[in-house]
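Q:
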Amino acid sequence: MTALRKLVLYSTNGVSTPIQWSAVEALRTPRAVFNVRREEYRARRDLLVSGPNELGLPCALPPGAFYAFPKSDRLAPASREAAAILLDRAHFATIPGSVFGPHGEGHLPVGYAVPIAAIEAGLASLRQLLLA
Amino acid sequence: MATRRLHVAKRLDHVGFSDIVQIRNQVLELREQGLPVHAFCGGEPFFETPEPIKYAAVHALTHHHTVTPPLPASCRSVSSSRKSSAPRTASTQQWRMCWSPRAARTRCLSWWPQSHE
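Protein chains in written order, with the working numbering: chain A, 173 to 304; chain B, 18 to 134.
Below is the structure:
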């Protein structure tokens, strides 16, 4: 119970009352609303993940969230260097996986909370760099 | 009126910007140069907040529901135990009554704003 008390305390303290009322309303949101959004995210995820996999950057299909996490060792051994290469040569901005700790090293988190057209343009740029 | 000079702790000299901020700054610099940048470094949900959720906050503001309501009676025994030296002994059932969405709907919302007075 001590852990639960702490969880409740730090999750609810400081949240303004109007926002708490919004949160209550959010709990009533029909599932259909989320289903539409989930399908949209799924389409973007599938498109984004297909790109790195085709280009030799193995990428697992994320079951949730809005980040894919392709491997970056084809670009450089260190993810910091790989991110710099992508930004310099393809204007493809991502962040080094190492910022997420040792398990993130060798990967690049790529967010897909962006429009389909932006994903397509980014993948085209990535393709140009890696197939050149 | 005398102004107090703000002293910044020296330890802050050793605090740098995070990698994420540095990358975002680079993205901004490239864009300022007119270069297209494909930014995948951030991630924010792109859907608009559903109207009922937005209006719940607006409704709360316009109806002066801007203070934290007191706990319902079923929770008071939990909070009052803080005053005693005895450890708080809320049962799982009590916490469930306090914090579940159903409790929020059936208790907190039904007695707010006047019925708890």
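Glycine included, every Cβ here is placed at the ideal spot set by N, Cα and C.
To be precise: take each residue of the stretch 240-268 of chain A, compare its Cβ to all Cβ atoms of chain B, and keep it if any distance is under 8 Å. Which residues remain?
A: R252, A255, L259, A262, H263, F264, A265, T266, I267, P268
Q: Buried or exposed for A/R216, going by 16 or more other Cβ atoms inside 10 Å?
A: As a first step, residue 216 of chain A must be located in the first sequence, where it is residue number 44. Buried: at least 16 other Cβ atoms inside 10 Å.
Q: List the whole-angstrom C-beta distance separating A/P375 from A/V282, where the pair is believed to meet the contact cut-off of C-beta under 8 Å.
A: The structure shown has nothing for residue 375 of chain A, since chain A only spans 173 to 304.
Q: Would you say B/D139 faces chain A, with C-beta separation under 9 Å as the test?
A: In the structure displayed, chain B extends from 18 to 134; residue 139 of chain B sits before or after that span and is not available.
Q: Can we say the stretch 197-209 of chain A touches the stretch 259-279 of chain A, given the rule of at least three CB pairs closer than 8 Å?
A: no
Q: Below 6 Å CB to CB, which residues in the same chain sit around B/A77 once its five sequence neighbours on both sides are set aside?
A: On the second sequence, residue 77 of chain B is found 60 positions in, with the first residue counted as 1. None.
Q: Leaving out five residues on either side along the sequence, give the residues of the same chain with a beta carbon under 7 Å from the beta carbon of A/I309.
A: The structure shown does not extend to residue 309 of chain A, since chain A spans only 173 to 304, so no value can be given for it.
Q: When you compare the CB positions of A/G236 and A/L298, do they come within less than 9 Å of one another, or not?
A: Locating residue 236 of chain A in the first sequence gives position 64, counting from the first residue. Locating residue 298 of chain A in the first sequence gives position 126, counting from the first residue. No, they are not a contact pair.
Q: Please check the pair A/G228 and A/L302, which I expect to be a contact at CB under 8 Å, by giving their CB distance rounded to whole angstroms.
A: Stepping through the first sequence from its first residue, residue 228 of chain A is reached at position 56. Stepping through the first sequence from its first residue, residue 302 of chain A is reached at position 130. That pair is a contact at about 7 Å.
Q: Report the neighbours of A/V221 on chain B: residues whose CB is nearer than 9 Å to its CB, in chain order.
A: Taking the first residue of the first sequence as position 1, residue 221 of chain A is located at position 49. In chain order: nothing, as chain B lies at least about 12 Å away.
Q: For B/A107 and chain A, any beta-carbon pair shorter than 9 Å?
A: For the purposes of this step, residue 107 of chain B is taken as the residue at position 90 of the second sequence. A caution first: B/A107 carries a pLDDT of 45, below 50, which makes its placement in the model too unreliable to give a value.
Q: Within 9 Å (strictly less), CB to CB, does B/K27 reach chain A?
A: Numbered from its first residue, the second sequence carries residue 27 of chain B at position 10. Cβ-Cβ to chain A under 9 Å: no for B/K27.
Q: Are at least three pairs of beta-carbons, each pair with one atom in the stretch 30-39 of chain B and one in the stretch 62-79 of chain B, less than 8 Å apart?
A: Three or more Cβ pairs closer than 8 Å define a contact, and the stretch 30-39 of chain B falls short of that threshold against the stretch 62-79 of chain B.
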